[in-house]
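Comments concern the structure below.
Protein chains in written order, with the working numbering: chain C, 17 to 474; chain S, 17 to 474.
This is the structure:
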């Protein structure tokens, strides 16, 4: 909660304590429902219903939609049947579905019991679509026009039926429920001839999605084409609903959070962090920690294998963290770049050869510069300044050559793995960071000992 | 470019080669400008102007806006003055500004020369705002209404002036240019009384931003409140423009890419990856690689310091990668969670104590489970199965206790650093991943040798 919201909460509570209900009502009426909801989410159980009842009817349901499921459930349990009906009647169908999905069964029964039959039917329809499908995030309320209507008739229809539609700005032209085209309120209003027929001015090449399409792909269409709304059709091209841009923005935000979680070796979580219990956080984090810990054993085994060599030139050990870290960083730079490029649709599978060639050149530049820096640093600091023993020219060459080769390998692995994962149908984000670190760590050590045995004859 | 766009490109080129211009024009007219632009971006220099000239006027400028700067420049250089004027006349001001910003000076002079005086004035006005400010991404074209207008007059005004506005759906009510309130086309159309006065139905509590506000903060407001447009005002609350949701979505996408780049130890890049030269990629990646390589030296120095102890119990070396990797992964799990929470506004600075307490409990759970797993694995695999030498109960205890302590430290560092960075005004994303790995690596080693000297008496 932002600072100004915290101050607002204090003000509201002070007014509530001194029973200044009229002022409270006035203040609340000026506030944005998103901000009211943020405050209501943190109220104690006995304050919430009192304050909520002070909201004007429309603002009340707008606020209700924005609240946490816990607070929503609390309110519903305290509502009389008629209060519940009042809130539900004001909801858009897709928001009602979101609420129903989060509530326990007995609360859901009460909600559906108070919804009018038409809404109940629509809620049940949307609930039937699989999670993560376009159908599950759409709303069934949208403006439809007939192709033979005139512009004037169309505007009249919008004025008559628009009241409980989430958006009226994009209107869909249908015949026998089949989607023929779309037009916008802007086009209708700016059309100079009121008698013009809709089929003449509508856009016929409509981009639509199927009910079962993955909601992340739907969201990508929004950020690619800047749509306000996108029609959802069934297998027979019949219009069943629309997805609006606000829901698409939520999906994109969730998706980015999931990608970041996967890159940081976590299972993606369903709920926001602050609402996860300690045990839920633990459950999301432990599987990857454990898997990566066990796979780091391979790196340990490589070290073990070269134990005797290391014992002869113990100074080699002190460069291991630097080599492993640099390899890991080089690899994840590349893999994160590729994963992000894939997810915003900037990079396609067929770009792989071009990407690898670019990464090769970048790796050679990075490798040479890093090796030169490391050489200077070891010579000037470790050798001259600190006077460490055993830092021969051979050791320095070994470290620097290893560095250059490792950076090249790391960037190639980092560039290839996510694209291969995508092609095989795995999630590239999972391959991105933690896995690659483990792989390039092992590569770094193998290269190190190979170079050492060549140059130092271990 | 998606597969179906590649196929479309082949079709268009085939038609172009056989000079079937009429069919080409028909096909292009059915396509979305975003898709046409994706194809045009990859055409050879001699094909592009020919195909572009086949587009109907409006589609031509919609396509032009979506194209890469390189392709835009190519076209402009080929345009006659009247062709250039035709494209520019159709542009929205904010799109014109985006194009001007990417062009070399002589092209900019030609563009401004062909723009009509009003547009030239508006372009120059927007160009004056600092990069990354709300002013720099706004458009000056929006619908303004007077408070004393009736609904009917307002609708008439929109129909008369809306033609070259990017969005007409949110209308701003101003008097002497001061922003008084807003209303929407939906409210106007659904208003039952055409004689109602705008000041009666307008929303007076308008969320607006200042011209100099950071564009990322502006974008956050969009995803928080689901706005279609947001008014931009100057210091005297005079309306100077609006930011539309599509521009906000672009800013969010850029910002996420930047955050991911910073987390993966890269400098954020200005251009998309595919358009960066090898040297530009190198320049973004080398500074952090070098910094992190040099700081990994500290880890190496710790290893060096305990060289003699290690020589006595060389088996300890083989567990170092596992301890360092697990520490790094634990730390970045926490830091990435916090950085993402901060950036979507879910976590605030004042939540720090609650977060640290939760992370403590998670760390203890993770630490205990990982230590137990490591104990079993070392005992069963390394000791029994592989029969490695030197794995005493003391060594096993040393590794497991270090693991548990390190995970706790890593999660506390990962939880504290990004929040401290945010409070000090640094970028939390930079602190998130690479830095934390380096710090917890060092911690892991220090703990390891401390525990070893206590338990094994090194």
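Glycine is no exception: its CB is placed at the ideal position from the N, C-alpha and C atoms.
Interface annotation for the stretch 238 to 257 of chain C against chain S: 239, 240, 241 and 242, criterion Cβ-Cβ distance under 7 Å.
Bridge partners of residue 281/C according to DSSP: none are assigned.
Looking at the DSSP output, residue 258/S sits in a beta bridge with 155/S and 247/S.
At least one CB atom of chain S sits nearer than 9 Å to the CB of residue 302/C. Per DSSP, the unbroken alpha helix (DSSP H) holding residue 117/C starts and ends at 109 to 118.
Residue-level contact by beta carbon holds for residue 273/C and chain S, with a gap shorter than 9 Å. Note: residue 204/C is not bridge-paired with any residue in the DSSP secondary-structure output. If you check each beta-carbon in the stretch 314 to 327 of chain S against every beta-carbon of chain C, the ones closer than 8 Å belong to 315, 316, 317, 319, 320, 323, 326 and 327. If you draw a 10 Å sphere on the C-beta of residue 46/S, you find fewer than 16 other C-beta atoms in it, and that means exposed. Around the CB of residue 345/S, 16 or more other CB atoms lie within 10 Å, so the residue is classed as buried. Not a single C-beta of chain S is nearer than 9 Å to the C-beta of residue 232/C. In this structure the stretch 369 to 380 of chain C touches the stretch 426 to 443 of chain C; the number of beta carbon pairs closer than 8 Å is three or more.
Here residue 300/C is buried, its C-beta having at least 16 other C-beta atoms within 10 Å. At a cut-off of 9 Å, the C-beta of residue 329/C has no neighbouring C-beta in chain S. Per DSSP, residue 241/C is one residue of the alpha helix (DSSP H) stretching across 231 to 241. Within the stretch 276 to 290 of chain C, the residues whose Cβ lies closer than 8 Å to any Cβ of chain S are, in chain order, 276, 277, 279, 280, 281, 282, 288, 289 and 290. At a cut-off of 9 Å between beta carbons, residue 349/C contacts chain S.
With 16 or more neighbouring CB atoms inside 10 Å of its own CB, residue 356/S falls in the buried class. Counting only Cβ-Cβ distances below 7 Å, residue 346/C has contacts in chain S at 305, in chain order. Of the other Cβ atoms in all chains shown, fewer than 16 fall within 10 Å of the Cβ of residue 62/C; this residue is therefore exposed.
Straight through space, the alpha carbons of residue 177/S and residue 367/S are spaced by roughly 49 Å.
Where residue 405/S is concerned, there is no enclosing alpha helix (DSSP H), because DSSP gives it neither an H nor an E. None of the residues of the stretch 104 to 127 of chain C has a beta carbon lying less than 7 Å from any beta carbon of chain S. Within its own chain, the residues whose Cβ lies closer than 6 Å to the Cβ of residue 325/S, once the five positions on either side in sequence are excluded, are 474, listed in chain order. The Cβ atoms of residue 161/S and residue 144/S do not sit closer than 9 Å to each other. Separation of residue 42/S and residue 21/S (C-alpha to C-alpha, rounded to the nearest whole angstrom) is 17 Å. Taking 9 Å as the cut-off, the Cβ atoms of residue 87/C and residue 64/C count as close.
Scanning 209/S, 219/S and 116/S for the CA closest to the CA of residue 163/S turns up 219/S.
Residue contact check for residue 185/C against chain S: a CB pair falls below 9 Å.
Residue 312/C has a beta carbon lying within less than 9 Å of a beta carbon in chain S.
For the stretch 374 to 386 of chain C, the beta-carbon criterion of a distance under 7 Å to any beta-carbon of chain S is satisfied by 374, 377, 378, 381, 382, 385 and 386.
By the C-beta density criterion, residue 440/C is exposed, having fewer than 16 other C-beta atoms within 10 angstroms. Per DSSP, residue 333/C is not a residue of any beta strand (DSSP E), being assigned neither H nor E. Annotation for residue 145/C: no alpha helix (DSSP H) segment contains it, and DSSP assigns it neither H nor E.
Interface criterion not met: the Cβ of residue 224/C is under 9 Å from no Cβ in chain S. Between residue 170/S and residue 90/S, the alpha-carbon positions lie close to 43 Å from each other.
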